[in-house]
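Peer 1: Chains as they are written, first to last, in my numbering: chain A, 704 to 901; chain B, 704 to 901.
From the three backbone atoms N, C-alpha and C, an ideal C-beta is built for every residue, glycine too.
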DNA sequence: TAAGCTACCGAACGATCGTTCTGGTGTCAA
DNA sequence: TTGACACCAGAACGATCGTTCGGTAGCTTA
């Protein structure tokens, strides 16, 4: 027996909830949701919540408290071609959904973030203040951008090899190549980059 | 009159709550908190919550629901120098974030992602294939990096003004300045950048 | 050794929670 | 014309919520 196709809910409901969550970091109660959505019956709120839950946007804690679901943090990824008159971006067509965290992080337990200091990697498009997504591992390949520990500080550089051993090369001619005296301590390999510009 | 100095609370309480929040993205109720903290009296939970609230770790929504406070996501040891042994690569901000998503997105309903095509903004550290975090809005200021719609395609450029009107300037001398014939249609303003390198 | 804290327990209570059920309205196809 | 269905209102209800208040055990201070 085929499952009955559920009518899609008003996307504005989800958006309002996401905005509320972004502000308060909490999912509100049914009565607050009713106000938020302009609905005056808790029973209908319950039904809407049920559908969002079914669609994966909401979930429950073991203690039966409402919480964000797996798809709650999805973002619209606009295609690079735009339809003819498309003033209203609410149209579902022309968008894929992506969650930024899933996009960048493959192994959460081995992934961390390091803030970039200085302009030594500017030719690789890595600016001062950017966050580097690092997959922690003790070794890397020549050509990888690695986060190494030099003089008790994190440093982001290209990994390269000279006859003397491994070296760290900046992507900026104004900076010198680093040739570590002892063993080169690698913290991890760069897997991504995050920059906030506003 | 000097304010009475409050006894510091057990830091383990806050840690347990932060762990719970990291898992469920929600602040639990008093009875769940009691279980979480190994306390059997809700009245005492209420007192602890009151002190966390006083210290800025917890807060209330306008609807009197408990939510994370301003200091909830703070890091204990936030500096980019590395301790002996393997470090916890904290953010130098003094604040940690729950998710990368949270770091980049302020208004989810008005935010979407656009993939960059080409090298026209390479001098701004924006590479081919990067994802631009866009806050959708119909106008912008000179100097902003904007996502505009030109010939039914998204294009990322600096917004500038010439005597003829607004123009779009690339960050790469090999590319021409775009002078739109009619009205310049702005999709939104760049608020961040995401790059995957692996 | 009594008084005065702090840390906690436990019962009681009114408010609010989410659920359930009954019912109304608008739309569309048969 | 009549269902069928989606959308929504409202009342009723037991469960759970957070608050209040009284009480206890242990440690200080005087």
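Just to confirm the assignment: which complete alpha helix (DSSP H) runs, minimum length 4, are found wholly within the segment 728-791 of chain A?
Peer 2: Runs found: 733-740, 745-758.
Peer 1: Where does residue 833 of chain A fall in DSSP's three states?
Peer 2: Your numbering for residue 833 of chain A matches position 130 in the first chain. Three-state DSSP puts residue 833 of chain A in coil, outside helix and strand.
Peer 1: Just how far apart, CA to CA, sit residue 778 of chain A and residue 812 of chain B?
Peer 2: Numbered from 1 along the first chain, position 75 holds the residue referred to as residue 778 of chain A. Numbered from 1 along the second chain, position 109 holds the residue referred to as residue 812 of chain B. Looking at the two C-alpha atoms, the distance is approximately 9 Å.
Peer 1: Going by beta carbon distance, what residues of the same chain come within less than 7 Å of residue 867 of chain A, once the five residues before and after it are set aside?
Peer 2: Taking the first residue of the first chain as position 1, residue 867 of chain A is located at position 164. The residues are 882.
Peer 1: What ranges does the beta strand (DSSP E) occupy inside the segment 821-873 of chain B, keeping only unbroken runs of at least 3 residues that lie completely in it?
Peer 2: As far as the segment 821-873 of chain B is concerned, its whole beta strand (DSSP E) runs of at least 3 residues are 834-839, 848-853, 856-865, 868-872.
Peer 1: Hey, residue 727 of chain A and residue 768 of chain B: beta-carbon distance below 9 Å or not?
Peer 2: As a working note, residue 727 of chain A is residue 24 in the first chain. As a working note, residue 768 of chain B is residue 65 in the second chain. Yes; because the gap between Cβ atoms is below 9 Å, this pair is in contact.
Peer 1: Within 9 Å of any Cβ in chain B, is that where the Cβ of residue 735 of chain A sits?
Peer 2: The sequence position of residue 735 of chain A within the first chain is 32, counting from 1. For residue 735 of chain A, the answer is yes, since a Cβ of chain B falls inside 9 Å of its Cβ.
Peer 1: What three-state label does DSSP hand residue 725 of chain A in the structure shown?
Peer 2: Locating residue 725 of chain A in the first chain gives position 22, where the first residue counts as 1. Residue 725 of chain A: helix per DSSP, three-state reduction.
Peer 1: Where does residue 808 of chain A sit, in a helix, a strand or coil, going by DSSP?
Peer 2: The count along the first chain starts at 1 and reaches residue 808 of chain A at position 105. Reduced to three states, the DSSP call for residue 808 of chain A is coil.
Peer 1: Could you check whether the segment 851-863 of chain B touches the segment 857-871 of chain A, counting it as contact only if at least three pairs of C-beta atoms, one from each stretch, sit closer than 8 Å?
Peer 2: These segments do not touch.
Peer 1: Beta carbon of residue 819 of chain B, beta carbon of residue 833 of chain B: below 9 Å?
Peer 2: As a position in the second chain, residue 819 of chain B is number 116, starting the count at 1. As a position in the second chain, residue 833 of chain B is number 130, starting the count at 1. Going by C-beta atoms, residue 819 of chain B is nearer than 9 Å to residue 833 of chain B.
Peer 1: Alpha carbon to alpha carbon, how far is residue 749 of chain A from residue 775 of chain A?
Peer 2: Mapped onto the first chain, residue 749 of chain A falls at position 46. Mapped onto the first chain, residue 775 of chain A falls at position 72. Whole-angstrom Cα-Cα distance: 17 Å.
Peer 1: Under DSSP, the beta strand (DSSP E) around residue 802 of chain A begins and ends at which residues?
Peer 2: Your numbering for residue 802 of chain A matches position 99 in the first chain. Taken as a continuous stretch (DSSP letters only), residue 802 of chain A belongs to no beta strand (DSSP E), as it is neither H nor E.
Peer 1: Classify residue 799 of chain A as buried or exposed, calling it buried when 16 or more other Cβ atoms lie within 10 Å of its own Cβ.
Peer 2: In the first chain, the residue the question calls residue 799 of chain A occupies position 96. When all chains shown are included, residue 799 of chain A counts as exposed.
Peer 1: Taking the alpha-carbon of residue 836 of chain A as reference, which of B/876, B/729, B/898, B/841 has the nearest alpha-carbon?
Peer 2: On the first chain, position 133 is the one that residue 836 of chain A refers to. Here the closest residue by C-alpha is B/898.
Peer 1: So the candidates are B/760, B/817, B/895; which of them puts its Cα closest to the Cα of residue 717 of chain B?
Peer 2: Locating residue 717 of chain B in the second chain gives position 14, where the first residue counts as 1. Checking every option, the nearest Cα to that of residue 717 of chain B belongs to B/760.
Peer 1: Less than 9 Å between the C-beta atoms of residue 745 of chain B and residue 733 of chain B, yes or no?
Peer 2: By 1-based counting over the second chain, the position of residue 745 of chain B is 42. By 1-based counting over the second chain, the position of residue 733 of chain B is 30. Yes, the Cβ-Cβ distance between residue 745 of chain B and residue 733 of chain B is below 9 Å.
Peer 1: Return the chain-ordered list of same chain residues with a C-beta closer than 6 Å to the C-beta of residue 870 of chain A, the five sequence neighbours on each side being excluded.
Peer 2: Position 167 of the first chain, counted from the first residue, corresponds to residue 870 of chain A. Around residue 870 of chain A: 863, 880, 882.
Peer 1: Going by DSSP in three states, residue 877 of chain B sits in which element: helix, strand or coil?
Peer 2: One-based indexing of the second chain puts residue 877 of chain B at position 174. The answer is coil: DSSP assigns residue 877 of chain B none of H, G, I, E or B.
Peer 1: Starting from residue 806 of chain B, find everything on chain A with Cβ-Cβ shorter than 8 Å and list it in chain order.
Peer 2: Counting from one through the second chain, the residue named residue 806 of chain B turns up at place 103. By Cβ distance, chain A contributes 834, 897, 899.
Peer 1: By how many angstroms is the C-alpha of residue 844 of chain B removed from the C-alpha of residue 723 of chain A?
Peer 2: Translated into positions along the first chain, residue 723 of chain A becomes position 20. Translated into positions along the second chain, residue 844 of chain B becomes position 141. Spanning the two alpha carbons is a distance of roughly 27 Å.
Peer 1: For the candidate residues A/772, A/878, A/825, whose alpha-carbon lies nearest to that of residue 754 of chain A?
Peer 2: Here the question's residue 754 of chain A lines up with position 51 in the first chain. Comparing Cα positions, the closest option is A/772.
Peer 1: Using beta carbons (cut-off 9 Å, strictly below), is residue 843 of chain A in contact with chain B?
Peer 2: Residue numbering aside, residue 843 of chain A sits at position 140 when the first chain is read from its first letter. Cβ-Cβ to chain B under 9 Å: no for residue 843 of chain A.
Peer 1: How many Å lie between residue 846 of chain A and residue 889 of chain A at the Cα?
Peer 2: Here the question's residue 846 of chain A lines up with position 143 in the first chain. Here the question's residue 889 of chain A lines up with position 186 in the first chain. In a straight line, the C-alpha of residue 846 of chain A is about 14 Å away from that of residue 889 of chain A.
Peer 1: Buried or exposed: which applies to residue 780 of chain B, given that a residue is buried once 16 or more other Cβ atoms fall within 10 Å of its Cβ?
Peer 2: As a working note, residue 780 of chain B is residue 77 in the second chain. Only weak support exists for where residue 780 of chain B lies, its pLDDT of 37 falling under 50; the coordinates are left without a value.
Peer 1: Use the C-beta contact count for residue 743 of chain A: other C-beta atoms within 10 angstroms, 16 or more gives buried, fewer gives exposed.
Peer 2: What you label residue 743 of chain A is simply residue 40 of the first chain in a count that begins at 1. Exposed, by the Cβ-count rule.
Peer 1: What's the gap between the Cα of residue 765 of chain A and the Cα of residue 713 of chain A?
Peer 2: Walking along the first chain from the start, residue 765 of chain A turns up at place 62. Walking along the first chain from the start, residue 713 of chain A turns up at place 10. Looking at the two C-alpha atoms, the distance is approximately 28 Å.
Peer 1: Leaving out the 5 sequence neighbours to the left and right, which residues in its chain are closer than 6 Å to residue 796 of chain A when beta-carbon positions are compared?
Peer 2: Taking the first residue of the first chain as position 1, residue 796 of chain A is located at position 93. Confidence at residue 796 of chain A is low in this model, with a pLDDT of 49, below 50, so its placement is unreliable and the value that follows should be read with caution. Within the same chain, residue 796 of chain A has no close Cβ partners at all.
Peer 1: Between residue 892 of chain B and chain A, is the shortest Cβ-Cβ distance under 9 Å, so that the two count as touching?
Peer 2: Numbered from its first residue, the second chain carries residue 892 of chain B at position 189. Yes - at least one Cβ of chain A is within 9 Å of the one on residue 892 of chain B.
Peer 1: Could you check what DSSP says for residue 717 of chain A in three-state terms: helix, strand or coil?
Peer 2: As a working note, residue 717 of chain A is residue 14 in the first chain. Correct three-state label for residue 717 of chain A: helix.
Peer 1: Give me the DSSP bridge partner(s) of residue 818 of chain B.
Peer 2: For the purposes of this step, residue 818 of chain B is taken as residue 115 along the second chain, with counting starting at 1. Paired residue(s): B/834.
Peer 1: Beta carbons nearer than 9 Å to chain B: which residues of the segment 743-769 of chain A have them?
Peer 2: Listed by position, the residues of the segment 743-769 of chain A near chain B (Cβ gap below 9 Å) are 762, 764, 765, 766, 768, 769.
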